[in-house]
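Trainee: Okay, here's the structure, questions in a sec.
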Amino acid sequence: MRLNKYIANAGLASRRGADALIADGKVRVGGKVVRELGYDYDEAADGPVSVNGKTIAPAAADPSSGRTAAKKIYIALHKPKGYITTTKDERGRPTVMDLVADADARLFPIGRLDGPTTGLLLLTNDGDFAQRLAHPKHETVKTYRARVTGPLTKGKIERLRRGVDIGGYVTKPAEVEVVKQAERSMVIEIKIHEGKNRQVRKMFAAVGCKVVDLERTAVGAVRLGRLLPGHWRKLTLREIESLL
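Read in the working numbering, the sequence shown has 98 at position 98, and its numbers run on one by one without any break.
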């Protein structure tokens, strides 16, 4: 098994996050630091894996090994403004992990929402599940509601729908609908299939508009609904299956 998958199965991080841990020299195999990305791990031959000095075991661990298998957990969180989407912040800022501390599981976020952005964020301890959702080939639809200022003409909306250059990358076609027209701003619903850093904000900036408020309202068929800011709930089996 690839070492990053083994770490992900233990609920510490997504596979991408596991690769970062390996590259940073925080992973030991049989007591030796391993920095090789793509390392093929053999538990019988290589010995135990430790991350930051703590021995780990995957969720699918053999009960006879004496290690407790982690229960797979899938959570929907309503992220408020000002919380950072990371498991730990070196600057001491509040993170989304503070909001799910009572979930009694070691979770990590799937994807990111920047500090000012609110709305639906999924968290899990299932590395394979996170990897599948994050992989571009699955094109999981993410729905946002944005309040924007600046002249947003029909021509600019069509540009957003076709795809715009956000700095060396042209976005895929998006679904864009006007929800509300005010004197100095508009409320727009936009559905994208990617998850580039600050993508929605960059898309509107590319057509000369500024995002004042941004909320993610859905990931695939999972909707934010009436979930209050700062609160979380477990995904239903139907929601989990829909994402897969």
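Here a beta-carbon is modelled for each residue, glycine too, at the ideal position from N, C-alpha and C.
1. Leaving out five residues before and five after Glu139 in sequence, what residues of the same chain have Cβ atoms less than 7 Å from its Cβ?
2. Can you give me the Cβ contacts of Ser64 inside the same chain, cut-off strictly under 6 Å, excluding the 5 residues immediately before and after it?
3. Considering only residues of the same chain and omitting the five flanking positions on each side of Thr217, which have a CB-CB separation below 7 Å?
4. In this structure, how does DSSP classify Lys196 when only helix, strand and coil are distinguished?
5. Buried or exposed: which applies to Asp102, given that a residue is buried once 16 or more other Cβ atoms fall within 10 Å of its Cβ?
6. Can you tell me which of the three DSSP states Ala221 falls into?
7. Are the beta-carbon atoms belonging to Thr153 and Val164 less than 8 Å from one another?
8. If you follow the beta strand (DSSP E) that Arg145 is in, where does it begin and where does it stop?
9. Which residues in the same chain have their Cβ closer than 8 Å to the Cβ of Ala23, if we skip the five residues on either side of it in sequence?
10. Excluding the five sequence neighbours on either side, which residues of its own chain have a C-beta within less than 8 Å of the C-beta of Gly167, listed in chain order?
11. Alpha carbons only, please: which of Tyr169, Val178, Val141 is nearest the one belonging to Ile157?
12. Need the endpoints of the beta strand (DSSP E) that Tyr39 sits in, please.
13. Using CA atoms only, rank isn't needed, just tell me which of Pro109, Phe204, Gly155 is closest to Ala76.
14. Using the Cα positions of Ala8 and Glu90, report the straight-line distance between them to the nearest angstrom.
Mentor: Once the coordinates are examined:
1. Position 139 of the sequence shown, counting from 1, holds the residue named residue 139. For Glu139, where only same-chain residues beyond five positions count, the Cβ hits under 7 Å are His193.
2. The residue labelled residue 64 in the question sits at position 64 within the sequence shown. Confidence at Ser64 is low in this model, with a pLDDT of 43, below 50, so the placement of that residue is unreliable and no value is reported for it.
3. As a first step, residue 217 must be located in the sequence shown, where it is residue number 217. Excluding positions up to five away in sequence, the list reads Gly119, Leu120, Thr143, Tyr144, Arg145, Arg223, Leu224.
4. Counted from its first residue, the sequence shown places residue 196 at position 196. The three-state secondary structure of Lys196, taken from DSSP, is coil.
5. Taking the sequence shown and counting its residues from 1, one reaches residue 102 at position 102. By the beta-carbon neighbour count (other beta carbons within 10 angstroms, threshold 16), Asp102 is exposed.
6. Here the question's residue 221 lines up with position 221 in the sequence shown. Three-state result, Ala221: coil.
7. In the sequence shown, the residue the question calls residue 153 occupies position 153. In the sequence shown, the residue the question calls residue 164 occupies position 164. No; because the gap between Cβ atoms is not below 8 Å, this pair is not in contact.
8. The residue given as residue 145 occupies position 145 in the sequence shown. Unbroken beta strand (DSSP E) run through Arg145: 142-149.
9. For this step, residue 23 is matched to residue 23 along the sequence shown. So the qualifying residues of the chain are Arg35, Leu37.
10. Translated into the one-based positions of the sequence shown, residue 167 becomes position 167. Lys202.
11. Residue mapping note: residue 157 aligns to position 157 of the sequence shown, counting from 1. Checked all of Tyr169, Val178, Val141; the closest Cα to Ile157 is Val178.
12. In the sequence shown, residue 39 corresponds to position 39, counting from 1. Counted as a single uninterrupted DSSP element, the stretch harbouring Tyr39 is not any beta strand (DSSP E), since DSSP gives it neither H nor E.
13. Along the sequence shown, read from residue 1 onward, the residue named residue 76 stands at position 76. Out of Pro109, Phe204, Gly155, Pro109 has the C-alpha closest to the C-alpha of Ala76.
14. Residue numbering aside, residue 8 sits at position 8 when the sequence shown is read from its first letter. Residue numbering aside, residue 90 sits at position 90 when the sequence shown is read from its first letter. Separation of Ala8 and Glu90 (C-alpha to C-alpha, rounded to the nearest whole angstrom) is 22 Å.
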